[in-house]
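Student:
Protein chains: 2
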Amino acid sequence: MTDPRSDLSPQASHPTAELCAFLSTLEFSDLPDEVVARTEELFLDWVASALAAKGAHPIPVFERYASKMGPSDGPCTVLVNRTRTSPYFAAFVNGASSHLVEQDDLHNSSVLHPATVVFPAVFAAAQDLGKSGADLLLASAAGYEAGVRIGEFMGRSHYKVFHTTGTVGTLAAAVGVAKLLGLDADTMLHAVGSAGTQASGLWEFLRDAADSKQLHTAKAAADGLLAAYMAADGLTGARRILDGEKGMAAGMSTDADPAFLTDRLGTRWALLETSFKFHASCRHTHPAADALHVLMQREGLRHEDIGAITAKVHQAAIDVLGGVTTPTTVHQAKFSMGTVLGLIAVHGDASIAGVEAHALTDPRVSALREKVQMVLDPEVDAAYPKRWLGRIELDTQDGRHFSCAVDAPKGDPDNTLTRPELEDKFRRLTQFSKATDDTEATELISRVWSLRDRASVTGLFDKVAR
Amino acid sequence: MTDPRSDLSPQASHPTAELCAFLSTLEFSDLPDEVVARTEELFLDWVASALAAKGAHPIPVFERYASKMGPSDGPCTVLVNRTRTSPYFAAFVNGASSHLVEQDDLHNSSVLHPATVVFPAVFAAAQDLGKSGADLLLASAAGYEAGVRIGEFMGRSHYKVFHTTGTVGTLAAAVGVAKLLGLDADTMLHAVGSAGTQASGLWEFLRDAADSKQLHTAKAAADGLLAAYMAADGLTGARRILDGEKGMAAGMSTDADPAFLTDRLGTRWALLETSFKFHASCRHTHPAADALHVLMQREGLRHEDIGAITAKVHQAAIDVLGGVTTPTTVHQAKFSMGTVLGLIAVHGDASIAGVEAHALTDPRVSALREKVQMVLDPEVDAAYPKRWLGRIELDTQDGRHFSCAVDAPKGDPDNTLTRPELEDKFRRLTQFSKATDDTEATELISRVWSLRDRASVTGLFDKVAR
Chain A
15 MTDPRSDLSP QASHPTAELC AFLSTLEFSD LPDEVVARTE ELFLDWVASA LAAKGAHPIP
75 VFERYASKMG PSDGPCTVLV NRTRTSPYFA AFVNGASSHL VEQDDLHNSS VLHPATVVFP
135 AVFAAAQDLG KSGADLLLAS AAGYEAGVRI GEFMGRSHYK VFHTTGTVGT LAAAVGVAKL
195 LGLDADTMLH AVGSAGTQAS GLWEFLRDAA DSKQLHTAKA AADGLLAAYM AADGLTGARR
255 ILDGEKGMAA GMSTDADPAF LTDRLGTRWA LLETSFKFHA SCRHTHPAAD ALHVLMQREG
315 LRHEDIGAIT AKVHQAAIDV LGGVTTPTTV HQAKFSMGTV LGLIAVHGDA SIAGVEAHAL
375 TDPRVSALRE KVQMVLDPEV DAAYPKRWLG RIELDTQDGR HFSCAVDAPK GDPDNTLTRP
435 ELEDKFRRLT QFSKATDDTE ATELISRVWS LRDRASVTGL FDKVAR
Chain B
15 MTDPRSDLSP QASHPTAELC AFLSTLEFSD LPDEVVARTE ELFLDWVASA LAAKGAHPIP
75 VFERYASKMG PSDGPCTVLV NRTRTSPYFA AFVNGASSHL VEQDDLHNSS VLHPATVVFP
135 AVFAAAQDLG KSGADLLLAS AAGYEAGVRI GEFMGRSHYK VFHTTGTVGT LAAAVGVAKL
195 LGLDADTMLH AVGSAGTQAS GLWEFLRDAA DSKQLHTAKA AADGLLAAYM AADGLTGARR
255 ILDGEKGMAA GMSTDADPAF LTDRLGTRWA LLETSFKFHA SCRHTHPAAD ALHVLMQREG
315 LRHEDIGAIT AKVHQAAIDV LGGVTTPTTV HQAKFSMGTV LGLIAVHGDA SIAGVEAHAL
375 TDPRVSALRE KVQMVLDPEV DAAYPKRWLG RIELDTQDGR HFSCAVDAPK GDPDNTLTRP
435 ELEDKFRRLT QFSKATDDTE ATELISRVWS LRDRASVTGL FDKVAR
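Quick note, the sequences are listed as chains A and B, same order.
When we follow my numbering, the leftmost residue of the first sequence carries the number 15, and every step to the right adds one.
When we follow my numbering, the leftmost residue of the second sequence carries the number 15, and every step to the right adds one.
Structure below.
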C-alpha cells in the first residue's frame with residue numbers, strides 16, 4: 015500500500031515549498047530599487063490609514079481588549095495611541111486600525127489588501143527583534159509576494175464568500191514575520207501551515223454593517239505573527255496546507271490554481287502591481303467613481319442635471335456591494351455604490367472627510383443614490399480581477415445620454431500616486447483623526463522616506479518633540 | 015427594491031437568534047440535576063486531559079508563547095504549570111493542553127470535542143470575573159448545548175475537510191463566555207457572529223503528523239473568549255453567521271440543516287449525550303477496539319493466534335484515519351487503526367501509558383498493525399454520526415473465523431464511565447505526566463465534586479499544601 019505521506023516529505027517539491035524556498039533565501043540586494051522605493055511608499059500609506067482610525071469605533075474596543083489581555087508594556091508600538099505592548103497585540107490593534115477608513119492599498123488580481131495584514135505583523139516583529147529598516151522592507155516585500163500569489167491561487171470562488179484579506183492575509187503576515195525571524199525554507203513552510211489552518215473571515219458581516227472587517231485584519235496580522243513565532247520555536251504545520259486534499263483550497267475554493275503560487279518568482283514583483291486607494295470607499299466603487307468624475311468634468315455636468323446613472327461592473331462588485339442599498343453607518347456608506355457616486359456628483363470627491371460629513375446626511379447625495387443602478391458587464395467582468403475597468407452610462411434630466419470609460423482608476427499601477435500625492439494623503443488622513451499635527455506629519459514622512467537606511471525601527475514612531 | 019437586510023433586524027426571528035434567546039435566559043435552576051452532575055464529571059475529565067499534557071511537545075511551545083506575548087500575571091490559571099495570566103492566554107494554553115493525549119470527551123452526532131474548547135474559555139472567564147461554581151457549570155452547559163447543535167448543523171460534509179472542534183468550537187466557547195458575562199440575546203448573537211467569522215481548522219495537518227490539532231483547540235477557546243469579551247464591549251458581528259448567504263454553511267458545508275440549531279431546546283440536553291474516552295486514541299478507533307477486546311476475551315484468543323482483522327467502519331473513520339499507515343510519532347499512532355488494535359491484541363488496552371510505551375517500539379504491535387484493514391460498512395455508516403458501531407471480523411492463523419459487534423463503545427452515554435472510573439482515569443492521566451501526586455489528585459477530585467457549591471472558582475486549582 016502506498017503511503018499517502020510519501021509525497022509530503024520535506025524533500026518533495028511542491029508549489030508551496032518552492033515559494034518558501036525562494037522567499038526564505040531572498041536578500042535585500044535582490045530587490046530592484048523600484049521595489050524598495052514602492053515598499054516605503056506602501057508603508058507610509060499604511061501608517062496613514064492606521065493613524066486615520068484613531069478614536070473611531072470599533073478601534074477603541076480593540077485597544078481596550080489588548081490592554082486587558084496583553085502586557086502593559088513591550089517593544090512594539092500601537093499606532094493610534096503610541097503605547098507599547100507585545101508583538102501579538104501590536105499587530106492586532108494596528109491590523110484593525112489600518113483597515114477602517116477604507117484607504118489602505120489593494121492588489122487587484124488577488125483582491126487582497128496586503129498592507130493592513132503584512133505591515134502590522136512585520137513592523138511589530140521588527141521592533142521586537144531590533145531589526146533595521148532594510149530588514150523591515152525585505153520582510154514586507156516577502157509578505158506581499160506570498161500574499162498576492164496565494165490570493166490568486168485561491169481564486170474568485172473563494173472571494174465570493176470569504177474575505178481574502180482575512181484568510182490569505184494570515185499567510186502573508188506569517189511569511190513576512192518568518193522572514194524577519196530568519197526561518198529556513200522548511201520552517202517557513204511550517205509557519206505557512208499553521209497560518210493556513212487559522213485562516214478565516216466571512217463576508218456575511220457586510221449585510222448588517224457589523225464590525226468584523228477590522229476583526230479579520232487584526233486577527234490575520236496577529237495570527238500570522240503567531241504562526242511564525244511558534245514555528246521558530248518548533249511548532250510544526252501541514253506542508254501542503256494550500257493544495258493538499260484537506261487544505262485551504264479543498265475546503266474554501268472551487269477554482270484554485272497552483273500555478274499562481276510560483277508565478278515568475280524573482281522576475282515578477284507583485285508588490286509593484288499594488289494600487290493605492292484615492293477615494294475613501296470600497297475599491298469596487300472606484301472605477302465607476304473615476305469614470306463619473308471624468309465624465310462630469312468633460313461634459314460640464316452638475317449633479318442637478320443627472321437623471322440616471324448605470325455603473326457597469328464586474329460580478330464581485332455586485333457580490334460585495336449589492337447588499338447595501340440604504341446605508342445606516344459611515345462605514346457601510348463606503349460600500350454603497352449609489353452613495354459614492356452621489357458624493358462624486360455633488361461634492362466632486364469621496365474623500366475621508368467628505369464621506370464622514372455628507373454620506374448619510376446630505377439629501378442631495380441621498381437623491382443621487384436612488385438614481386444609480388449597477389449592472390453586470392461582460393467586458394468588465396472578463397477583465398477582472400487583473401484589471402478593474404470603469405464604465406458609466408449617464409442620462410440627463412433633459413434626455414441627453416453620455417458614456418465614459420476609465421481603464422486605470424486613480425491609484426492603479428498605471429496611474430499611481432506620486433510621493434507628493436502620498437504625502438498629501440498622509441496629511442489629510444492623519445489630521446482628519448487628529449493623530450498628528452502638520453509638524454509631526456512632516457517628521458514622520460521624512461523618517462519613512464529614509465527607512466532603508468535606518469539601523470533599527472524600534473523607535474520609528476516615538477513621539478516627535480514639540 | 016426590497017432591502018435584503020430587512021430580515022436581519024434584531025427583531026427578526028431566525029434559528030441562531032432563537033438559540034441565543036434560549037441560552038441567554040437559561041438559569042442554573044433550569045438545569046436538571048443529571049445535567050449539573052454530568053457537567054462536573056465532564057469538567058473533571060477535562061482537567062485530567064489538560065494536566066496529562068504537562069511537559070509533552072508541543073505544549074511548552076504554547077506556554078512560552080503565552081509568556082512572551084501575554085502578561086506575567088493575571089487572574090487565570092494555566093493548568094500545566096499553575097502560573098497565572100490573562101483570560102485570553104489561559105484559554106489558549108489550556109485549550110492546547112486538554113486536546114493532546116486524545117482522552118478528552120466527544121459528542122458523537124456533532125463530532126465535536128466540547129470540553130477542550132468550552133472549559134478553557136469558560137474557566138478562564140469565570141476566574142477573571144470571580145464567578146461561582148454554579149455560574150461555571152451553567153455557562154459550560156450553555157457552551158455544550160450551542161456547540162453540539164452548531165456542529166450538527168454544519169453536517170458531515172464540513173467534517174470531511176474541517177476539524178469541527180476547531181471551527182464550531184470557537185462558537186461554543188463564545189457562547190459559554192457570553193453567558194458568564196451576562197450578555198443579552200442580541201449581544202450574544204454578536205459574539206456568535208464574531209466567533210463564526212474567526213472559525214478555522216483544517217484536517218490537512220494529520221497526514222504529516224503536524225502540531226495543528228492543539229493549535230485548533232487553543233485558538234477556538236481563546237478566539238471564542240475574545241468574541242464574547244469584545245461583544246460585551248460593543249463589537250458587533252454578523253447576525254446570520256451560520257445560515258446567511260455568506261456565512262459559515264455557505265462557505266464550509268454542503269449539507270447544513272438549520273433545524274438542528276433549535277432542536278428541542280429545553281427538553282433535549284445534548285451535554286448528556288457526550289461520551290468519555292476510555293482508550294487514549296482517536297475516537298474513530300474506539301468502536302473497533304472495544305469489539306476486538308470483547309471478542310478476544312470471549313474466545314480466549316491470544317495475539318499470536320490472529321491471522322487477519324477487518325474493522326468495519328463508517329466513512330469518516332476512513333477519512334480521518336486512512337492517511338496514517340505507519341505512524342512515526344506517538345500522537346500519530348493514536349490515529350492508526352492498526353496500531354490501536356495491535357495494542358488491544360498484545361497488551362489488552364490502549365491506555366495513555368500503553369500507547370506511549372509500546373505503540374512505536376513493540377514489534378508484536380507492528381506485526382499486528384500489518385494484519386488490520388478497514389472497510390466501509392453500510393450499516394455502520396448509516397448509523398453514524400448518531401451511533402458509533404463497532405464491528406470486527408477476525409481470522410485466526412489456523413483458519414477459524416469470528417465476528418463481534420459492540421453497539422455502545424465504553425464511555426458512550428449508554429455505557430458511560432462511573433464517578434469511580436472517572437476518578438481512576440483522573441489519577442492515571444495526571445500521574446502519567448507527574449502533574450499531581452496521589453494526595454493532590456484526591457484533593458482536586460473532591461474540589462470538583464463540590465463545584466456546584468463553590469462561591470468562587472478563582473482559587474480552584476491553587477496548589478494543595480503538602
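The beta carbon of each residue, even a glycine, is placed where N, CA and C say it ideally should be.
Decide if the segment 294–305 of chain A is in contact with the segment 200–214 of chain B; the criterion is three or more beta carbon pairs, one per stretch, under 8 Å apart.
Tutor: Too few Cβ pairs lie closer than 8 Å, so no.
Student: Taking 8 Å as the CB-CB limit, is Met168 (chain B) close to chain A?
Tutor: Start at 1 with the first residue of the second sequence, and residue 168 (chain B) comes out as number 154. No - not a single Cβ of chain A is within 8 Å of the one on Met168 (chain B).
Student: Return the chain-ordered list of same chain residues with a C-beta closer than 7 Å to the C-beta of Gly69 (chain A), the five sequence neighbours on each side being excluded.
Tutor: The sequence position of residue 69 (chain A) within the first sequence is 55, counting from 1. Counting only Cβ-Cβ distances below 7 Å, and skipping sequence neighbours, we find Ser447.
Student: Comparing C-alpha positions only, which one of B:Ala110, B:Leu152 and B:Leu309 sits nearest to Val75 (chain B)?
Tutor: Numbered from its first residue, the second sequence carries residue 75 (chain B) at position 61. When each option's Cα is compared against that of Val75 (chain B), the closest is B:Ala110.
Student: Quick one: using the 10 Å Cβ neighbour count with 16 as the cut-off for buried, is Val389 (chain A) buried or exposed?
Tutor: Mapped onto the first sequence, residue 389 (chain A) falls at position 375. It counts as exposed.
Student: At 7 Å on the CB atoms, spell out the chain A contacts of Ser208 (chain B), in chain order.
Tutor: On the second sequence, position 194 is the one that residue 208 (chain B) refers to. Residues of chain A passing the Cβ test: Ser226 and Leu229.
Student: Return helix, strand or coil for Cys296 (chain A), following the three-state DSSP convention.
Tutor: In the first sequence, counting from the first residue as 1, residue 296 (chain A) sits at position 282. In the structure shown, Cys296 (chain A) sits in coil (DSSP, three-state: anything other than H, G, I, E or B).
Student: Can you pull the chain A residues whose beta carbon is under 9 Å from the beta carbon of Thr250 (chain B), in chain order?
Tutor: Start at 1 with the first residue of the second sequence, and residue 250 (chain B) comes out as number 236. What Thr250 (chain B) touches in chain A: Pro72, Phe219, Asp222, Ala223, Ala224, Asp225 and Ser226.
Student: For the pair the segment 346–365 of chain A and the segment 376–386 of chain A, tell me if three or more CB-CB distances fall below 8 Å.
Tutor: Short answer: they touch.
Student: Is it a yes or a no for the segment 31–40 of chain B touching the segment 281–295 of chain B, going by three-plus beta-carbon pairs under 8 Å?
Tutor: The segment 31–40 of chain B vs the segment 281–295 of chain B: no contact.
Student: Which full runs of the alpha helix (DSSP H) of 4+ residues lie inside the segment 319–346 of chain B, going along the chain?
Tutor: The qualifying runs are 329–335.
Student: Which residues share a DSSP beta bridge with Thr99 (chain B)?
Tutor: By 1-based counting over the second sequence, the position of residue 99 (chain B) is 85. Paired residues: B:Cys90.
Student: Against chain A, does Gln212 (chain B) count as a neighbour if the rule is that its beta carbon must be under 8 Å from one of theirs?
Tutor: For the purposes of this step, residue 212 (chain B) is identified with residue 198 of the second sequence, where counting begins at 1. Yes, its Cβ sits closer than 8 Å to a Cβ of chain A.
Student: Determine which residues of the segment 98–132 of chain A have a Cβ less than 8 Å from any Cβ of chain B, and write them out in chain order.
Tutor: The residues in question are Ser100, Pro101, Tyr102 and Phe103.
Student: Please say whether Gly473 (chain B) and Phe292 (chain B) have beta carbons closer to each other than 8 Å?
Tutor: Looking up residue 292 (chain B) in the second sequence gives position 278. Looking up residue 473 (chain B) in the second sequence gives position 459. It is not a contact, given that the beta carbons lie outside the stated cut-off.
Student: At the level of alpha carbons, what is the spacing between Leu309 (chain A) and Ile358 (chain A)?
Tutor: The count along the first sequence starts at 1 and reaches residue 309 (chain A) at position 295. The count along the first sequence starts at 1 and reaches residue 358 (chain A) at position 344. For Leu309 (chain A) and Ile358 (chain A), the distance between alpha carbons rounds to 11 Å.
Student: Look at the alpha carbon of Gly215 (chain A) and the alpha carbon of His28 (chain A), and state the distance between them as a whole number of angstroms.
Tutor: Residue numbering aside, residue 215 (chain A) sits at position 201 when the first sequence is read from its first letter. Residue numbering aside, residue 28 (chain A) sits at position 14 when the first sequence is read from its first letter. Roughly 26 Å between the two C-alpha positions.
Student: Starting from the beta carbon of Tyr243 (chain B), find every residue of chain A whose beta carbon is closer than 7 Å, and list them in chain order.
Tutor: As a position in the second sequence, residue 243 (chain B) is number 229, starting the count at 1. Within chain A, the residues near Tyr243 (chain B) are Tyr79.
Student: Should the segment 95–107 of chain B be called in touch with the segment 78–89 of chain A, which here means at least 3 C-beta pairs below 8 Å?
Tutor: Touching, yes, given that three or more Cβ pairs across the two stretches are closer than 8 Å.
Student: Could you check which residue in A:Leu431, A:Leu335 and A:Val327 has the C-alpha nearest to that of Arg401 (chain A)?
Tutor: One-based indexing of the first sequence puts residue 401 (chain A) at position 387. Among A:Leu431, A:Leu335 and A:Val327, the Cα nearest to that of Arg401 (chain A) is on A:Val327.
Student: Taking Cβ positions only, does Lys260 (chain A) come closer than 8 Å to chain B?
Tutor: For the purposes of this step, residue 260 (chain A) is taken as residue 246 along the first sequence, with counting starting at 1. Closer than 8 Å to some Cβ of chain B, the Cβ of Lys260 (chain A) qualifies, so yes.
Student: Is it right to say Arg405 (chain B) is buried, meaning 16 or more other beta carbons lie within 10 angstroms of its own, or is it exposed?
Tutor: Here residue 405 (chain B) corresponds to residue number 391 of the second sequence, with the count starting at 1. Burial call: buried.
Student: Could you work out which residues of chain B lie near Leu58 (chain A), taking near to mean beta carbons separated by less than 8 Å?
Tutor: Here residue 58 (chain A) refers to the residue found at position 44 of the first sequence. Per Cβ cutoff of 8 Å: no residues; Leu58 (chain A) is ~28 Å from chain B at best.
Student: Mind reading off the beta-carbon distance from Ala138 (chain B) to Ala104 (chain B)? Whole number of angstroms is fine, and I expect it under 8 Å.
Tutor: Here residue 138 (chain B) is taken as the residue at index 124 of the second sequence, counted from 1. Here residue 104 (chain B) is taken as the residue at index 90 of the second sequence, counted from 1. About 4 Å separates the two Cβ atoms, so the contact holds.
Student: Where Ser124 (chain A) and Gly183 (chain A) are concerned, what is the direct C-alpha to C-alpha distance, given to the nearest angstrom?
Tutor: Position 110 of the first sequence, counting from 1, holds the residue named residue 124 (chain A). Position 169 of the first sequence, counting from 1, holds the residue named residue 183 (chain A). Using only the alpha carbons, I get a separation of about 11 Å.
Student: Which residues bound the beta strand (DSSP E) around Val420 (chain B)?
Tutor: Within the second sequence, numbered from 1, the residue matching residue 420 (chain B) stands at position 406. It spans His415 to Val420 - the beta strand (DSSP E) in which Val420 (chain B) sits, taken as one unbroken run.
Student: Tell me where the alpha helix (DSSP H) around Glu435 (chain B) begins and ends.
Tutor: Translated into the one-based positions of the second sequence, residue 435 (chain B) becomes position 421. That run of the alpha helix (DSSP H) goes Arg433 to Phe446.
Student: Indicate whether Gly157 (chain A) and Val136 (chain A) have their beta-carbon atoms separated by less than 8 Å.
Tutor: Here residue 157 (chain A) is taken as the residue at index 143 of the first sequence, counted from 1. Here residue 136 (chain A) is taken as the residue at index 122 of the first sequence, counted from 1. Cβ atoms of Gly157 (chain A) and Val136 (chain A): closer than 8 Å.
Student: Pull the bridge partners of Phe475 (chain B) from the DSSP assignment, please.
Tutor: Locating residue 475 (chain B) in the second sequence gives position 461, where the first residue counts as 1. Per DSSP, none; premise fails for Phe475 (chain B).
Student: Near Ser112 (chain B), which residues of its chain fall below 6 Å by C-beta distance, leaving aside the five closest residues on each side in sequence?
Tutor: For the purposes of this step, residue 112 (chain B) is taken as residue 98 along the second sequence, with counting starting at 1. If we look at Ser112 (chain B) and ignore the five residues flanking it on each side, its Cβ neighbours are Trp60, Ser63, Ala64, Asp118 and Thr130.
Student: From the beta carbon of Lys233 (chain B), is the nearest beta carbon of chain A less than 8 Å away?
Tutor: The sequence position of residue 233 (chain B) within the second sequence is 219, counting from 1. At least one chain A Cβ lies under 8 Å of Lys233 (chain B).
Student: Closer than 7 Å to a non-hydrogen atom of the ligand MN - does that hold for the CB of Ser464 (chain A)?
Tutor: This structure lacks the ligand MN, and indeed carries no ligand of any kind.
Student: The alpha helix (DSSP H) spanning Ile358 (chain B) covers which residue range?
Tutor: To locate residue 358 (chain B), count along the second sequence from 1; it is residue 344. Counting along the chain, the alpha helix (DSSP H) containing Ile358 (chain B) begins and ends at Met351 to His361.
Student: For a contact meaning CB atoms closer than 8 Å, what does Met266 (chain A) contact in chain B?
Tutor: The count along the first sequence starts at 1 and reaches residue 266 (chain A) at position 252. Gly265 and Met266, listed in chain order.
Student: Between Leu40 (chain A) and chain B, is any beta-carbon pair separated by less than 8 Å?
Tutor: In the first sequence, residue 40 (chain A) corresponds to position 26, counting from 1. Taking Cβ atoms only, chain B never reaches closer than 8 Å to Leu40 (chain A), which makes this a no.
Student: In the structure shown, what three-state DSSP assignment does Glu259 (chain B) receive?
Tutor: Taking the second sequence and counting its residues from 1, the one referred to as residue 259 (chain B) is at position 245. In this structure, Glu259 (chain B) counts as coil in the three-state DSSP scheme.
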